[in-house]
Amino acid sequence: MEHAGIRIKGLRKRYGQGDTAVDALKDVNMAVAPGEVVGLIGPSGSGKSTLLKCLGAVIEPSAGRMTLGDEVIYDNGWKTRDLRALRRDRIGFVFQAPYLIPFLDVTDNVALLPMLAGVPNKEARQRALELLQALDVQHRARAMPAQLSGGEQQRVAIARGLVNRPPVILADEPTAPLDSERALAVIRILNDMARRFETAIIVVTHDEKIIPTFRRIYHIRDGVTHEEAGEGRAFV
Ligand SMILES: Nc1ncnc2c1ncn2[C@@H]1O[C@H](COP(=O)(O)OP(=O)(O)O)[C@@H](O)[C@H]1O
Ligand SMILES: [Mg+2]
Numbered sequence: 201m202e203h204a205g206i207r208i209k210g211l212r213k214r215y216g217q218g219d220t221a222v223d224a225l226k227d228v229n230m231a232v233a234p235g236e237v238v239g240l241i242g243p244s245g246s247g248k249s250t251l252l253k254c255l256g257a258v259i260e261p262s263a264g265r266m267t268l269g270d271e272v273i274y275d276n277g278w279k280t281r282d283l284r285a286l287r288r289d290r291i292g293f294v295f296q297a298p299y300l301i302p303f304l305d306v307t308d309n310v311a312l313l314p315m316l317a318g319v320p321n322k323e324a325r326q327r328a329l330e331l332l333q334a335l336d337v338q339h340r341a342r343a344m345p346a347q348l349s350g351g352e353q354q355r356v357a358i359a360r361g362l363v364n365r366p367p368v369i370l371a372d373e374p375t376a377p378l379d380s381e382r383a384l385a386v387i388r389i390l391n392d393m394a395r396r397f398e399t400a401i402i403v404v405t406h407d408e409k410i411i412p413t414f415r416r417i418y419h420i421r422d423g424v425t426h427e428e429a430g431e432g433r434a435f436v
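Structural data, given as structure tokens:
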């Protein structure tokens, strides 16, 4: 039986081939337990986005092994047959640029994923509203994305990444456009989610405001990861 959560061993990713090949990931090793939020930190070009895309089954790694829960999803080749279902049901993405659907209001942008997964509309909207409230953007529930500020759009995108309660959440710079108080509120919500739903969460960040909150941090440099203890500073 595999350890639950996320496990990555010896992961490699090469873009292109021959003279122009780029080895973006050379040796990535990580383990994130259910209920845990870890930070992933590294300079620009070190492979952070590539790692999240591999783990999110958006691109295919070149070698290594990735396990989600008790399922080996990649072992020198995909082992999971339905990658679309994997992305839809088991992984929550929070990207840097919030790709909201312009013709749906805020509530429906968040409620859409659970609706597509078969949750009754009323319950899906209820779940959406709870998250919007937790992210302090409930007053914008009926607004259209174009009417929101950048920070509001980012919080709606975060709500959308969390609403299906996936066992894994991958967040790429989720707090970048937010002020200190809101950035910490986002981290608090991610920690609550992790605890309540046994979610394993990886947060890519440069944000000095939130780095002290992680108990464990992975540093990545030139496609190689190193683990380090974080401050794990309590915050209220
Ligand atoms: N689609 C791609 N094709 C070729 N090289 C890429 C591609 N995406 C990223 N890279 C290269 O892979 C390396 C890691 O990039 P990336 O994962 O985006 O790093 P980070 O997110 O840490 O800034 C960089 O050298 C980058 O130029
Ligand atoms: Mg990146």
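Sequence positions in the sequence shown follow the numbering used here and run 201 to 436.
In this text, a Cβ means the ideal position worked out from N, Cα and C, and glycines have one as well.
This one's a predicted model, so the numbers in the text were calculated from it and none came from an experiment.
8 Å CB neighbourhood of residue i in its chain, flanking five on each side removed
i	result
I176	The first residue shown for the chain is 201 and the last is 436, placing residue 176 beyond what the model contains.
A429	R415, R416, I417
K317	Per the sequence presented here, residue 317 reads as Ala, with Lys not at that position. Within the same chain, A317 has close Cβ partners R288, D289, N364.
P302	M344, P345, A346
Pair within 9 Å by beta-carbon distance, residue i and residue j
i	j	result
D270	G423	no
G264	G351	no
R290	V368	yes
G239	Y418	yes
N309	P345	yes
Q353	P298	yes
I259	N229	no
T250	L283	no
A341	L348	no
Residues of its chain near residue i, where Cβ-Cβ distance is below 6 Å and the 5 sequence neighbours each way are ignored
i	result
F397	R365
V436	In this prediction, V436 scores a pLDDT of 47, lower than 50, which makes its location untrustworthy; the coordinate-derived value is nonetheless stated afterwards. So the list is empty, once near-sequence residues are dropped.
E431	P412
S246	I420, R421
A233	G205
H406	none
R214	A221, D223, S262
G235	A394, R395, E398
H426	H419
From the options, residue whose alpha carbon lies closest to that of residue i
i	options	result
S244	V237, N276, I420	I420
V404	L283, P261, L252, I389	L252
P374	L283, T399, A400, R355	R355
M393	D379, L335, N309, R433	L335
V306	I417, G277, R360	R360
D372	Q217, M230, K409, I241	I241
E330	A429, C254, I389	I389
I358	F414, V319, P320, L300	L300
R382	L370, K409, I402, A400	K409
F293	N229, L304, A385, C254	C254
P377	F295, L304, N276, T425	F295
L402	L370, K248, V319	The residue you asked about is not Leu; residue 402 is Ile in the sequence shown. The shortest C-alpha separation from I402 is found at L370.
N276	R212, S380, L384	R212
Beta-carbon contacts of residue i that lie in its chain and below 7 Å, excluding the five residues immediately before and after
i	result
M201	Residue placement at M201 cannot be trusted, given a pLDDT of 39 that sits under 50; the coordinates are not used to answer.
P314	A324, R327, V363, N364
A400	G205, I206, V232, A233, P234, E236, P367, V368
Contact test: residue i Cβ vs ligand 3 heavy atom, cutoff 8 Å
i	result
D407	This structure lacks ligand 3; its bound ligands are ligand 1 and ligand 2.
Inset, instruction - Let me have the residue list for ligand 1: C-beta closer than 6 Å to any non-hydrogen atom, ordered along the chain. - result: Per the Cβ criterion, the list is Y215, G216, V222, A224, G242, S244, G245, S246, G247, K248, S249, T250.
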